[in-house]
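For what it's worth, numbering that gives the first Met the number 0 labels the leading residue of the sequence shown as 0, then goes sequentially.
Virtual Cβ for every residue (Gly too), placed ideally from N, Cα, C.
See structure below.
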Amino acid sequence: MTSYLLLLAPSANRVYAEQAPALAAAELRLLCPEVTAVAPVQVAGVDYLALEAPEQPALGTMSSRFALFRREGDLLAPVPVHVPDVLDDDLVSIPKYPGKTNEQLTRLLLNVTLAAVDRAPGPRRVLDPMCGRGTTLTTALTLGHDATGVEQDEKALDATAAFLKTYLRRKRLKHRADVTPVRRDGRKVGRRLDVEVTPAERTQTLSILSGDGRRSAELLGKRKFDAVVTDAPYGVVHGGHTGEGRERSPEALLREALPVWAGQLVGGGALGIAFNTLTLPRATLAAITRDAGLDVRDDGPWLDLAHRVDASIHRDVLVATRPT
Ligand SMILES: C[S@@+](CC[C@H](N)C(=O)[O-])C[C@H]1O[C@@H](n2cnc3c(N)ncnc32)[C@H](O)[C@@H]1O
């Protein structure tokens with residue numbers, strides 16, 4: 000066993016306040032099960048996460064990783080970490096707008112959901128059925144996966160299309176990006192953005208369809224996904240629409256949506272939802288998820304992902320899998 004110290008990105012402390020080390024510890028245990036003795040420590044007044052591992056842990060995707068050191072007595076030896084990202088992180092960080100999901104939380108949510116997928120390794124097909132301006136989708140692309148989103152707000156689709164076209168051109172990446180109408184029975188029912196980009200060996204895709212995430216199976220047809228990953232409306236500023244205006248709790252929305260999303264997962268696929276426990280208790284969401292036929296991960300580090308955001312948002316992450 001080798002002892003390591005992991006320095007967390009300073010930005011993680013701004014996102015999660017004092018909870019950054021606890022959240023990082025949970026993410027680390029889920030991503031690298033071979034790692035043991037994970038514990039927050041202070042060395043010379045600086046916070047680290049101490050850990051032990053049989054060989055160098057693969058921390059490159061971890062959302063709050065900053066620098067890794069091997070511990071040799073009182074000395075710390077820097078250890079290079081291989082980061083497998085195929086696109087620069089400014090793809091995710093440049094867009095700024097109200098209601099954007101925090102970038103680190105998005106990466107954590109995607110990481111822990113993909114860690115639960117029980118399929119042969121390889122690029123994943125990720126669906127965010129309430130994708131906003133696509134933080135989940137661009138994060139998935141950065142990690143080498145394909146991404147599909149549904150969003151009810153057409154302005155979000157336009158903003159994402161404009162940003163991606165400019166970004167990919169400016170970065171001189173080989174790509175194609177088109178917005179086209181979606182027609183059914185000769186009638187226009189919405190629009191879609193389709194992007195193809197080849198940042199590494201593989202051509203990756205990102206699509207967004209305008210429409211109701213509760214009807215994503217109708218919008219996307221028979222396509223199945225390895226992961227459904229979404230940051231649900233918090234019932235605070237960005238309330239879920241149910242046709243009757245804003246509702247305080249997204250419970251009704253998720254009760255309708257979850258059976259649809261569960262049906263879009265392949266066997267062994269995983270669902271990950273970030274939600275506000277002040278408007279939707281974890282036990283309620285877990286029950287709705289089980290009713291949709293999924294197995295909720297409800298033990299060990301899976302229960303250590305809750306954190307306070309502000310006075311009106313206490314966020315948690317729930318992950319569940321579709322039986323194979
Ligand atoms: C918390 S925000 C997610 C933001 C997104 N992750 C981002 O960073 O841009 C929730 C999103 O769900 C969308 N939404 C709410 N109800 C929806 C529905 N029934 N169908 C599709 N989108 C919906 C909202 O418009 C909002 O963009």
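Taking 7 Å as the cut-off, one finds no heavy atom of ligand 1 near enough to the beta carbon of Arg-247. A straight-line Cα-Cα distance of about 12 Å links Leu-284 and Leu-293. Taking the Cα of Arg-191 as reference, the smallest distance to any Cα among Pro-322, Gly-148 and Glu-200 is reached at Gly-148. For Ser-206, the beta-bridge partners assigned by DSSP are Thr-147 and Asp-193. By the CB criterion at 8 Å, Phe-65 and Leu-107 fall outside the cutoff. Uninterrupted beta strand (DSSP E) stretches at least 3 residues long and entirely within the stretch 231–312 occur at 264–275 and 306–309, given in chain order.
For the options Leu-4, Gln-55, Asp-89 and Lys-95, the alpha carbon positioned closest to that of His-81 is the one of Gln-55. Looking at the backbone, the Cα of Thr-60 and that of Thr-138 are separated by about 11 Å. CA-CA distance, Thr-165 to Leu-113, rounds to 29 Å. The nearest non-hydrogen atom of ligand 1 is 7 Å or more from the C-beta of Leu-192. DSSP, reduced to helix, strand and coil, places Gln-103 within a helical segment of the structure shown. Arg-132 and Ala-52 have their C-alpha atoms roughly 38 Å apart. With a cutoff of 7 Å, Lys-95 does not count as near ligand 1, since its C-beta is closer than that to no heavy atom of the ligand. Our two residues, Asp-46 and Gly-72, have alpha carbons roughly 18 Å apart in a direct line. Closer than 7 Å to some heavy atom of ligand 1: that describes the Cβ of Gln-151. Burial state of Thr-202 is exposed, judged by a 10 Å Cβ sphere holding fewer than 16 other Cβ atoms. Of the other Cβ atoms in all chains shown, 16 or more fall within 10 Å of the Cβ of Glu-150; this residue is therefore buried. Each of Arg-175, Asp-87 and Arg-222 was checked against the Cα of Gln-263, and the nearest Cα belongs to Arg-222. For Arg-321 and Arg-123, the gap between their C-alpha atoms comes out near 15 Å.
The DSSP-derived three-state label of Tyr-166 is helix.
Around the beta carbon of Thr-135, 16 or more other beta carbons lie within 10 angstroms, which makes this residue buried. For Arg-13, the uninterrupted alpha helix (DSSP H) run begins and ends at 9–15, by DSSP. For Val-80, the secondary structure class from DSSP, reduced to helix, strand or coil, is coil. For Gly-266, same chain residues with a beta-carbon under 7 Å away, outside a window of 5 residues either side, are Arg-321, Pro-322 and Thr-323 in chain order. Using a Cβ distance threshold of 8 Å, Pro-20 and Leu-48 count as a contacting pair. DSSP places Glu-200 outside both helix and strand once states are collapsed to three, so it counts as coil. The residues Asp-193, in chain order, have a CB closer than 6 Å to that of Asp-177 in the same chain once the five nearest residues on each side in sequence are set aside.
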